[in-house]
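Trainee: Handing you a structure now.
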Amino acid sequence: MLASSENTLLTLTGVSKRFGSTLALDNISVDIRPGEVHALVGENGAGKSTLGKLMVGVHQPSDGELTLRGEPVALANPSVALGHGLVGIAQELSLMPTRSVTDNIMLAREITSAGFVNEKANRSAAQAVMDAHDMQLDPDQLVSTLPVAQQQKVEILRALSRDAQLILFDEPTARLPSEEALRLRDTVRGLADAGKAVVYVSHFLEEVLAISDTITILRNGKHIRTGPASAETRDTLIEGMTGSTLDAQFPKVHRPSADAPVVLDVKGLMVQGGADPITLQIKAGEIVGLSGLVGAGRSEIAMAIMGADPAEGRIMLDGKDMSQTTLADRINAGIALIPESRRDQGLMMDRPILDNTSLPYLSRVSGWFGLKLQAEREQTTQHCAQATVKYAALQDSMHTLSGGNQQKVLFARASLGAPKLLIVDEPTRGVDVGAKRKIYDLIADMAARGTAILLISSEIEEIIGLCHRALVVSQGHIVSEFADADITQEALMTSAFSRV
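So for the sequence shown, the working numbering puts the first residue at 25; every next one is plus one.
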């Protein structure tokens with residue numbers, strides 16, 4: 025349901041926000057209406073999260089005015105915003121993991137009797153909120169035992185129990201598997217249909233187009249346009265966010281010479297859950313894509329080649345048999361992996377940028393008397409610069425970086441190791457359009473320097489835009505191969521689905 029134009033809940037007029045000398049938002053005006061999903065899109069640093077946080081009292085404007093139902097309002101902090109029914113739900117959830125669903129829903133609103141918490145009354149109140157919004161959870165279950173999607177439901181129910189009129193979702197599906205992300209879309213849509221104003225911050229453009237009524241595009245802290253989602257496409261959103269068209273999102277990828285040596289030669293590889301043995305080759309400077317449905321076995325192939333998972337068969341790297349070697353042996357031999365989940369598999373989030381970049385290759389900056397700290401810093405600085413990582417200091421933890429910059433640290437690490445073979449699994453998952461182009465440039469540059477690249481992606485456009493060859497994986501084995509102009513969306517999807 026799209027609300028009428030005169031039915032406005034919150035209006036931001038000429039709003040600007042400065043952090044020191046940095047102008048994060050520059051004269052933004054936007055209306056938020058009940059009964060609609062209003063998406064904020066833009067590259068990292070465009071100001072979308074900052075704008076959303078102004079609406080729920082996390083930040084206060086440096087200039088401009090906020091009006092609530094036509095009356096000026098000052099949201100000094102999130103508690104004041106909450107009192108007006110304006111609530112934010114961040115990507116990193118703010119729950120009490122060791123307490124029950126009921127305790128989290130009723131937090132700071134507990135029903136008491138004679139000075140003691142009335143557990144039965146609180147459970148009934150929490151259940152009433154779940155019933156009213158058809159969002160059922162076990163009221164006695166510990167939040168720590170719930171999957172992330174259900175933990176998000178707890179946050180939403182807490183907001184609804186406080187009669188929230190506006191709910192801000194900041195990157196709500198970044199940590200969710202695809203099926204849970206689809207369920208959350210239904211939940212968000214249901215909130216809007218029930219008359220709530222929903223502000224939705226996301227870098228997943230297909231998701232934005234599917235769920236939104238209205239879209240506001242920001243670029244470098246400036247308001248580009250606001251309009252109905254029905255008037256936008258992925259191409260127009262990208263052009264609005266970046267100032268360039270979709271065609272400009274991929275770099276020119278040079279074809280390796282016909283006599284380029286074979287770097288990776290895999291024969292008879294059987295991965296866990298695979299139906300048939302796998303055979304593939306990748307030449308120096310060649311980018312080979314693995315396409316297929318989620319769960320088809322693409323990541324299992326990558327992990328087997330890397331030596332992280334057990335597998336049968338022969339794996340040759342530059343003519344050397346690596347089949348019986350360890351993961352460490354393969355790293356030292358010149359295989360690098362950028363895994364599917366940077367947080368769970370690739371990075372030490374509490375450790376400095378320096379450690380995350382140099383750790384696998386400390387032997388390259390060590391001498392007779394141990395680690396050469398100056399050499400470590402110089403090489404890390406050089407490769408982070410090549411990967412266009414934006415950071416304040418190498419000793420800052422990974423938590424201080426955006427998702428795109430965290431991903432680029434993994435590329436800086438791989439580049440520092442000068443790999444012969446780079447395996448990249450979902451290279452742009454969880455990063456915005458601008459960061460994607462920089463990552464594509466890094467992949468193309470490494471290929472141009474002679475690195476053989478195995479690229480796994482669920483985004484067919486990445487396979488089409490970057491790869492010299494594409495292999496379609498189904499049930500743990502390769503079912504089709506396409507090259508050059510034959511790599512089309514129709515061919516890849518037809519092949520993937522025909523084998524299910």
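We put the CB at the ideal spot given by N, CA and C, even for glycine.
Roughly how many angstroms lie between the CA atoms of L351 and A332, to the nearest whole one?
Mentor: Roughly 6 angstroms between the two C-alpha positions.
Trainee: Using a 10 Å radius around the Cβ and a threshold of 16 neighbouring Cβ atoms, would you call S53 buried or exposed?
Mentor: So S53 counts as exposed.
Trainee: Which residues in the same chain as T35 place their Cβ atom closer than 6 angstroms to its Cβ, once the five residues preceding and following it in sequence are excluded?
Mentor: So the qualifying residues of the chain are D55 and T91.
Trainee: Does DSSP put M294 in a helix, in a strand, or in coil?
Mentor: Strand, per DSSP.
Trainee: Since D379 is in the alpha helix (DSSP H), which residue starts that stretch and which ends it?
Mentor: Taken as a continuous stretch (DSSP letters only), the alpha helix (DSSP H) holding D379 covers I377 to S382.
Trainee: Under the DSSP definition of a beta bridge, which residues are partnered with R209?
Mentor: DSSP, once it has assigned bridges, lists no residue as partnering R209.
Trainee: Label H62 either buried or exposed according to how many other C-beta atoms from any shown protein chain fall within 10 Å of its C-beta, with 16 as the threshold for buried.
Mentor: Label assigned to H62: buried.
Trainee: Are P121 and V167 closer than 7 angstroms when you measure CB to CB?
Mentor: Taking 7 angstroms as the Cβ cut-off, P121 and V167 qualify as a contacting pair.
Trainee: What's the gap between the Cα of P280 and the Cα of A218?
Mentor: If I take the Cα positions, the gap works out to 57 angstroms.
Trainee: Quick one: complete alpha helix (DSSP H) runs, 4+ long, within the segment 439 to 510?
Mentor: 457 to 472 and 484 to 490, all fully within the segment 439 to 510.
Trainee: Straight-line CA distance for I477 to L446?
Mentor: Spanning the two alpha carbons is a distance of roughly 5 angstroms.
Trainee: Closest to C491 by CA distance: which of I480, V497 and H501 is it?
Mentor: Closest option to C491, Cα to Cα, is I480.
Trainee: Please report the distance separating the alpha-carbon of V497 from that of T238.
Mentor: In a straight line, the C-alpha of V497 is about 38 angstroms away from that of T238.
Trainee: What did DSSP end up calling L42 once you bin it into helix, strand or coil?
Mentor: Rather than Leu, the amino acid found at residue 42 in this sequence is Arg. DSSP places R42 in strand when its eight states are reduced to three.
Trainee: So what does DSSP say about R243, is it helix, strand or coil?
Mentor: DSSP places R243 in strand when its eight states are reduced to three.
Trainee: For K307, is the classification buried or exposed, using 16 other Cβ atoms within 10 angstroms of its Cβ as the cut-off for buried?
Mentor: When all chains shown are included, K307 counts as buried.
Trainee: Rounded to whole angstroms, what is the Cα-Cα separation between G38 and L49?
Mentor: One C-alpha to the other measures close to 10 angstroms.
Trainee: So, using beta-carbon positions, are I129 and R42 closer together than 7 angstroms?
Mentor: Their beta carbons are not under 7 angstroms apart, which means I129 does not touch R42 by this criterion.
Trainee: According to DSSP, is D194 part of a helix, a strand, or is it coil?
Mentor: In this structure, D194 counts as strand in the three-state DSSP scheme.
Trainee: Taking only three categories from DSSP, how would you classify V97?
Mentor: Here V97 sits in coil by DSSP.
Trainee: Under the three-state reduction of DSSP, which class applies to S519: helix, strand or coil?
Mentor: S519 falls in the helix class under three-state DSSP.
Trainee: Determine which residues share a DSSP beta bridge with G112 and list them.
Mentor: G112 pairs with L192.
Trainee: Going by the beta-carbon positions, is the gap between G76 and L192 smaller than 7 angstroms?
Mentor: Yes. Within cutoff.
Trainee: What residue ranges within the segment 344 to 422 form continuous beta strand (DSSP E) runs of no fewer than 3 residues, ordered along the chain?
Mentor: Those beta strand (DSSP E) runs which fall completely within the segment 344 to 422 and span 3+ residues are 359 to 362.
Trainee: Can you tell me whether K462 is buried or exposed? The criterion is at least 16 other CB atoms within 10 Å of its CB, across all chains shown.
Mentor: Under this definition K462 is a buried residue.
Trainee: Let me confirm a value: Q430 is counted as buried when at least 16 other C-beta atoms fall within 10 Å, else exposed. Which label applies?
Mentor: Buried: at least 16 other Cβ atoms inside 10 Å.
Trainee: Tell me whether the beta-carbon of L495 lies closer than 7 angstroms to the beta-carbon of E505.
Mentor: Going by C-beta atoms, L495 is nearer than 7 angstroms to E505.
Trainee: Taking a contact to mean a Cβ-Cβ separation below 7 angstroms, would you say A188 touches G109 in this structure?
Mentor: In this structure, G109 lies closer than 7 angstroms to A188 by Cβ.
Trainee: Cα separation between E263 and P451?
Mentor: Between E263 and P451, the C-alpha separation is close to 22 angstroms.
Trainee: Which of helix, strand or coil does DSSP assign to E134?
Mentor: The answer is coil: DSSP assigns E134 none of H, G, I, E or B.
Trainee: Suppose you measure from the CA of P275 to the CA of D465; what does that come to, to the nearest Å?
Mentor: So the alpha carbons of these two residues sit roughly 6 angstroms apart.
Trainee: Is it true that the segment 426 to 441 meets the segment 367 to 387, where meeting means three or more beta-carbon pairs spaced less than 8 angstroms apart?
Mentor: Yes, since at least three Cβ pairs between the segment 426 to 441 and the segment 367 to 387 fall closer than 8 angstroms, the two stretches touch.
Trainee: What is the DSSP secondary structure of Q305, counted as helix, strand or coil?
Mentor: Strand, per DSSP.
Trainee: Rounded C-beta distance between G59 and V80? I'm assuming under 8 angstroms.
Mentor: With a Cβ gap of about 19 angstroms, G59 and V80 do not count as contacting.
Trainee: Identify every residue that forms a DSSP beta bridge with A63.
Mentor: BP columns for A63 point to Y224 and I239.
Trainee: Could you check the C-alpha separation between L161 and T405 for me, to the nearest Å?
Mentor: For L161 and T405, the distance between alpha carbons rounds to 48 angstroms.
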